[in-house]
Amino acid sequence: MRISHTTIYRWLHKERFAQSASIHLRHEGRQHGERRGKLLGIRTLKQRGREIWRRERIGDWELDTIISSSKQSQAGILTMCDRKSRFCILVLLERCHSQSHVFKVLSSVVSSFPCHSFTADQGTEFRCYAKVENELGLPMYFCSPSSPWQKGSVENLNGLVREFFPKGTNFVDVSSKQVAHAMFLLNNRPRKCLNWLTPAEAIAAASF
Numbered sequence: 000m001r002i003s004h005t006t007i008y009r010w011l012h013k014e015r016f017a018q019s020a021s022i023h024l025r026h027e028g029r030q031h032g033e034r035r036g037k038l039l040g041i042r043t044l045k046q047r048g049r050e051i052w053r054r055e056r057i058g059d060w061e062l063d064t065i066i067s068s069s070k071q072s073q074a075g076i077l078t079m080c081d082r083k084s085r086f087c088i089l090v091l092l093e094r095c096h097s098q099s100h101v102f103k104v105l106s107s108v109v110s111s112f113p114c115h116s117f118t119a120d121q122g123t124e125f126r127c128y129a130k131v132e133n134e135l136g137l138p139m140y141f142c143s144p145s146s147p148w149q150k151g152s153v154e155n156l157n158g159l160v161r162e163f164f165p166k167g168t169n170f171v172d173v174s175s176k177q178v179a180h181a182m183f184l185l186n187n188r189p190r191k192c193l194n195w196l197t198p199a200e201a202i203a204a205a206s207f
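Following numbering that gives the first Met the number 0, the numbering of the sequence shown begins with 0 at its first residue and continues without gaps.
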């Protein structure tokens, strides 16, 4: 199986994820079960397979969020980075800490891109891990608390995203088209770690 450039950018131009993630964001009611605390029964990075550590395949995604400045709003961007190709997915969310909204996005990603696993920190937004594993059939691995370097690919991506949306940005004032444009540019930027291929070229050329 191969992902063509046409497939990738047909999805991008339709802003599929931005639209699906925005459904029911307003008047949804109170979120439950999102308080911080120790996560029980989670998979740790030590449990990841060799193929994930060695970046041997497309479809092992690192996840994170970039949020608005403190007290401005709950809006932000869900960032996803494929460990092998560095292809990124950026999704604007009005409530960045909502488990249900993150799950909606992951469900859409699974239906459109190769997915074998997710790696995330222990933030509130990723506490949908049991639902991800039970309903999507995919493992979610968690970094140690306060250890962002354990998901270095998506942390590096976050730095690149900040070129478009600097610290201090209130994402309430950012449109899904702006986020899609940033994603387009980042996926078409040559990367040294890919022998100067772009992430879009790398994921399009890969077999999986």
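No residue lacks a Cβ here, since even glycine has one placed at the ideal position from N, Cα and C.
Here DSSP, grouped into helix, strand and coil, assigns Gly122 to coil. Between Val90 and Val109, the CB-CB gap reaches or exceeds 8 Å.
The Cβ atoms of Glu61 and Ser145 do not sit closer than 8 Å to each other. Distance from the CA of Phe183 to the CA of Glu50, rounded to the nearest whole angstrom, comes to 27 Å. Pro138 is a Cβ neighbour of Ser116, given a cutoff of 8 Å. Separation of Arg54 and Arg126 (C-alpha to C-alpha, rounded to the nearest whole angstrom) is 25 Å.
Taken through DSSP and simplified to helix, strand or coil, Phe117 comes out as strand. Assignment of Phe164 by DSSP, reduced to helix, strand and coil, places it in the coil class. Shown here, Glu200 sits in a helix according to DSSP, grouped into three states. A straight-line Cα-Cα distance of about 16 Å links Glu134 and Ile41.
For Arg42, the secondary structure class from DSSP, reduced to helix, strand or coil, is strand. Excluding five sequence positions before and after Asn169, the CB atoms of its chain that fall closer than 8 Å to its own CB belong to Ser67, Ser68, Gln71, Ser72, Ala74, given in chain order.
Counting only runs of at least 4 residues, the segment 132-157 fully encloses no alpha helix (DSSP H) element at all.
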